[in-house]
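Beneath this line is the structure, given in structure tokens, with notes to follow.
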Amino acid sequence: MVTLALDTSNGIAVGVTDGSTEMATRRLSTGRQHAELLSPLIDEVLHAANVSPQDITEVVVGTGPAPFTGLRAGLVAARTFAFGRGIDGYGVCSLDAVALAAVERLDLGGDQFIAVLSDARRKEVYGRTYRVSALVPGETADVRLGDIALSPLSEPWVERPGGAVSLIEGIPTVVSPTPLPILEGSGIEVTGDDFVVEPRLLAIIAQQRLAAGVDQPVEPLYLRRPDAQVPGPAKKAV
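Going by the working numbering, the letters in the sequence shown line up with residues 1050 to 1287, in that order.
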């Protein structure tokens, strides 16, 4: 199964995988021009992986949470690619991929907890909490990495630092894809701030959930209204 996986929740990440094997990946750290940069980057990754668009059998896209404009570009690109080739598309919470990256890099195991935070702008952070545990034979797990199970404990949320403190209280491992200066003085200690969304991990999560029959809609997790609002009707003059 050759998968095109992409994420625009924080910069742009595009990759092609064959099962769990990464064939090629590219990343751009940009907060702008997602729509303009994404299509050429997809072409570049396909070329690097030595595959054609017709070789792709499924598309996986990170669904955020993230600010409106950048996230929308990735979802539109994923839907367009999948529709144009008559293949399936799947959506994965971007924070889940960050959490799985932390499990892999930090070699987390046993029975412990992890929180993922990311920049939501407006002096807020997005977050989600997870449990990391040893995989018990016969038990189901949302996501597996070797003999380790990763299970979300909450839905994704958006909060100011003060609110985030109470939601992640007692969780020793806190990771983020980028530095979060807004957390200074909050008491939150970030274990690492370079745990980016890896397309390979998006594909792994999607394939495991697909096998388990989990619905994976390609729908955005905005969690709040966009900054730009459609103006209402003009008021009538008295």
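C-beta: ideal position from N, C-alpha, C; glycine also. Just so it is clear, the structure is predicted and the values come from calculations on it, not from any experiment.
| Residue from Pro1226, Val1063 and Thr1112 with nearest C-alpha to Asp1168 | Here the question's residue 1168 lines up with position 119 in the sequence shown. Asp1168 has its Cα closest to that of Pro1226, out of Pro1226, Val1063 and Thr1112.
| request: Please classify Val1279: does DSSP put it in a helix, a strand, or coil? | output: Position 230 of the sequence shown holds residue 1279. Because the pLDDT of Val1279 is 43, which lies under 50, any placement of that residue in the model is unreliable, and the question is left without a value.
| Identified DSSP bridge partners for Thr1052 | One-based indexing of the sequence shown puts residue 1052 at position 3. Answer is Thr1066 and Glu1107, bridged to Thr1052.
| task | In the DSSP assignment, find the unbroken beta strand (DSSP E) run with Gly1140 in it and report its ends. | result | Position 91 of the sequence shown, counted from the start, is the residue given in the question as residue 1140. Note, Gly1140: beta strand (DSSP E), Asp1137 to Val1141.
| query | Taking the continuous beta strand (DSSP E) assigned at Glu1085, which residues delimit it? | reply | As a position in the sequence shown, residue 1085 is number 36, starting the count at 1. First-last for Glu1085: His1083 to Ala1098, but that is the alpha helix (DSSP H), not the beta strand (DSSP E).
| query | By the 10 Å Cβ neighbour count, where 16 or more other Cβ atoms means buried, how is Asp1264 classified, buried or exposed? | reply | As a working note, residue 1264 is residue 215 in the sequence shown. When all chains shown are included, Asp1264 counts as exposed.
| Reduced DSSP secondary structure (H/G/I, E/B, other) of Val1192 | Here residue 1192 is taken as the residue at index 143 of the sequence shown, counted from 1. In the structure shown, Val1192 sits in a strand (DSSP, three-state: E or B).
| query | Roughly how many angstroms separate the alpha carbons of Pro1210 and Met1050, rounded to a whole number? | reply | Residue 1210 sits at position 161 when you count from the first residue of the sequence shown. Residue 1050 sits at position 1 when you count from the first residue of the sequence shown. So the alpha carbons of these two residues sit roughly 41 Å apart.
| Cβ of Asp1196 within 9 Å of Cβ of Ala1183? | As a working note, residue 1196 is residue 147 in the sequence shown. As a working note, residue 1183 is residue 134 in the sequence shown. Yes, the pair counts as a contact, with Cβ atoms nearer than the cut-off.
| task | Since I believe Ala1131 is in contact with Val1094 (beta carbons under 8 Å), could you give me their beta-carbon distance rounded to a whole number of angstroms? | result | In the sequence shown, residue 1094 corresponds to position 45, counting from 1. In the sequence shown, residue 1131 corresponds to position 82, counting from 1. That belief does not hold up - the Cβ atoms of Val1094 and Ala1131 are roughly 16 Å apart, past 8 Å.
| message | Rounded to the nearest angstrom, what separates His1096 and Val1065 at their Cα positions? | response | What you label residue 1096 is simply residue 47 of the sequence shown in a count that begins at 1. What you label residue 1065 is simply residue 16 of the sequence shown in a count that begins at 1. His1096 and Val1065 have their C-alpha atoms some 10 Å from each other.
| Rounded Cβ spacing between Val1207 and Arg1121 (contact assumed at less than 8 Å) | The count along the sequence shown starts at 1 and reaches residue 1207 at position 158. The count along the sequence shown starts at 1 and reaches residue 1121 at position 72. Wrong, their Cβ atoms sit about 17 Å apart, outside the cutoff.
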